[in-house]
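Counted from 1, the sequence shown has number 259 at position 259 by full-length UniProt numbering; the numbering is strictly sequential. Ideal Cβ positions, reconstructed from N, Cα and C, are used throughout, including at glycine. What follows is a set of notes on a single structure, which appears directly below.
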Amino acid sequence: MASEGDGGTILEGPLSAKNAAMVRAKMPVLKPRPIGLLASAGVGDRLGLATAGQVRAFRKSGSGIMPVFAQQSAREMDRLGRTPQRVLDDATFGCLQAGWDRPVGADADHLKSTDEVDRCLDAGFTSFTLDPGDHVRHLEGEPSDAQLAELPWGELEDTADAMMRRYAGRSIDLGDSVLRIPEGDIRFAAAKYGPAVAHVVSMYRHLMGRAKHPVEVEVSVDETDDVTTLIEHVYLATEMKRLGMEWVSFAPRYVGRFEKGVDYIGDRDELYRSLVQHSNIARAFGPYKISLHSGSDKFSIYDLVVEATGRLVHLKTSGTNYLVALDIAAQFAPELFREVYEVSREAYRGARSSYHVSAQLDRTPDIGEVPDERLPDLVASFDSRQILHVGYGAVLRTEDGTGPSSADAALRELLETRVDEYESLLESHIGRHLAPFSLMETR
1 MASEGDGGTI LEGPLSAKNA AMVRAKMPVL KPRPIGLLAS AGVGDRLGLA TAGQVRAFRK
61 SGSGIMPVFA QQSAREMDRL GRTPQRVLDD ATFGCLQAGW DRPVGADADH LKSTDEVDRC
121 LDAGFTSFTL DPGDHVRHLE GEPSDAQLAE LPWGELEDTA DAMMRRYAGR SIDLGDSVLR
181 IPEGDIRFAA AKYGPAVAHV VSMYRHLMGR AKHPVEVEVS VDETDDVTTL IEHVYLATEM
241 KRLGMEWVSF APRYVGRFEK GVDYIGDRDE LYRSLVQHSN IARAFGPYKI SLHSGSDKFS
301 IYDLVVEATG RLVHLKTSGT NYLVALDIAA QFAPELFREV YEVSREAYRG ARSSYHVSAQ
361 LDRTPDIGEV PDERLPDLVA SFDSRQILHV GYGAVLRTED GTGPSSADAA LRELLETRVD
421 EYESLLESHI GRHLAPFSLM ETR
């Protein structure tokens, strides 16, 4: 319904998919669009309530950064019972609530199948992170001729001999050095990543064949066991390009450890050198952006990432927004937080298998030993923070997974009651992520 307000018309109605579509029709700026090579940041939201606070962060600290408010992986959507349409619509309503009137993207993250592509495409997503990580092989030693023969050469539209001729004597200028490509390294790269190339090309062709609106692609192999070497990056880029793919960003498996919810673990100098070289490869074959997955809370490396990439970069955060919500619970609803903490600890052994984490349960305290005023410390401490981060599915869904849990309802009620504190904490925390990537340094 509509009523007259000061200086305009007030529209009232349910937060439905139909009304979200009408909002995007009346305010085309809120209709997601491809991002291209602009510096960008995805700030996913497990609860669908964080967008207004994230908008505040972008306004204050995100100058020159394209925001992606609608971002969630297929894995998280399935665990939470959220549809791609709901993810997109929640972001639309959050932008409307906060008065955001600038362009936005929408990232369907870590898609592993064409069915997942279809669901997100039909909802209106414009960025598709294709993840062929399940098809990346872990190899011990040099691959044999038999292992190479097993590659899906038909799908790759190639042969082993043709591949080796293609790379023979090849080198890549990395600016301050030249990357030469030995035959053995290409054999290894093909054996390791060949099936992944075949799979991602198949997904890409399916997406492009079905898309009725502008879309773009990121390729992600970050959730794999082994570091992506420079020659493997060259192999992936060469083969995807040969098979007709175009992409705007790429996420390799980096050196060091990009664990969930905590700072970077590893040698910063080594990471910087690696990022510079991966960025040079991205410029040579694209240009395309280097994408920083599991990028939340990596405060010690943001400056060097900006320097290494020249802002040709995409930052991805997600679960850290959920941790902000739990911080509010720790401060203002101690009994609810104690329940969340206990459920997360119980679920950790199973939940951890999907994520890069190293938290140990025996390094976290029994909740009964922690006084109310110390509960926020559990959100900040390494082990308990990771346990809380990956326990969201058990916390927010019923035990049989058929619907939202009582804790989900209680957390939502709390955040709506403490909306000012919640948005303020999001502004501060997400803003701390954005500031190093901003055109106007705000630190």
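Counting only residues of its own chain and dropping the five nearest sequence neighbours on each side, D225 has a CB closer than 6 Å to the CB of H138. Listed in chain order, the beta strand (DSSP E) elements of length 3 or more contained wholly in the stretch 269 to 294 are 289 to 292.
Looking at the DSSP output, F128 bridges to A108 and V217.
Contact annotation, I181 with A284: C-beta distance approximately 13 Å; criterion of less than 8 Å not satisfied. Restricting attention to alpha helix (DSSP H) runs no shorter than 4 residues, the stretch 177 to 222 encloses them at 183 to 210, ordered along the chain. A direct Cα-Cα distance of roughly 11 Å separates L47 from S318. The residues L148, in chain order, have a CB closer than 6 Å to that of A160 in the same chain once the five nearest residues on each side in sequence are set aside. Annotation for L315: the continuous beta strand (DSSP E) segment containing it runs V313 to T317.
For the pair V248 and L37, the CB atoms are nearer than the 8 Å cut-off.
As summarised for the stretch 313 to 358, the continuous alpha helix (DSSP H) elements at least 4 residues long and confined to that stretch are 319 to 332 and 334 to 351, given in chain order. Secondary structure note for A52: its alpha helix (DSSP H) is the uninterrupted segment T51 to S61. In this structure, Q386 places its C-beta atom within 8 Å of the C-beta atom of E259. Apart from sequence neighbours up to five positions away, the residues of its chain that approach A333 with a beta-carbon distance below 6 Å are L414, ordered along the chain. Annotated three-state conformation of D400 is coil, per DSSP.
When the Cα atoms are used, G175 and N280 turn out to be separated by approximately 7 Å. Excluding the 5 residues flanking it on each side, H199 has same chain C-beta neighbours closer than 7 Å at P132 and H135, in chain order. The residue from A41, V201 and D45 with its alpha-carbon nearest to that of K241 is V201. Taking a contact to require three or more Cβ pairs closer than 8 Å, the stretch 295 to 302 and the stretch 425 to 433 qualify as touching. A contact between stretches requires three or more CB pairs, one per stretch, nearer than 8 Å, and the stretch 305 to 314 fails this requirement with the stretch 395 to 407. Looking at Y254, F188, Y288 and V23, the one whose alpha-carbon comes closest to that of L151 is F188. Here E140 has no same chain residue with a Cβ atom under 6 Å from its own Cβ, once five neighbours each way along the sequence are excluded.
When secondary structure is reduced to three states using DSSP, R257 falls in the strand class. Excluding five sequence positions before and after H356, the CB atoms of its chain that fall closer than 6 Å to its own CB belong to E259, given in chain order. Take A407, set aside five residues on each side of it, and the residues of its chain with a beta-carbon closer than 8 Å to its own are L336, E339, V340, V343, V395 and L396, in chain order. Using a C-beta cut-off of 8 Å, the stretch 64 to 79 makes contact with the stretch 104 to 122, since at least three inter-stretch Cβ pairs fall below that distance. Excluding sequence positions up to five before and after L439, its CB lies within less than 6 Å of the CB of S63 and G64, all in the same chain and listed in chain order. Excluding the 5 residues flanking it on each side, V29 has same chain C-beta neighbours closer than 7 Å at D101, R102 and P103, in chain order. The Cβ atoms of Q54 and L426 lie closer than 8 Å to each other.
Between A347 and G391, the C-beta gap is smaller than 8 Å, which places the two residues in contact. Excluding five sequence positions before and after A57, the CB atoms of its chain that fall closer than 7 Å to its own CB belong to L426, E427, I430, G431 and L434, given in chain order. Linking G94 to G184 through their CA atoms gives a straight-line distance of about 52 Å.
If you draw a 10 Å sphere on the C-beta of V215, you find 16 or more other C-beta atoms in it, and that means buried.
For V262, same chain residues with a beta-carbon under 6 Å away, outside a window of 5 residues either side, are D297 and F382 in chain order. Residue burial is scored here from C-beta neighbours: V197 has at least 16 other C-beta atoms within 10 angstroms and is therefore classed as buried. In this structure T228 touches V221 by the C-beta definition: roughly 6 Å separates them, less than 8 Å.
The C-beta distance from L49 to R412 rounds to 7 Å, short enough to fall under 8 Å.
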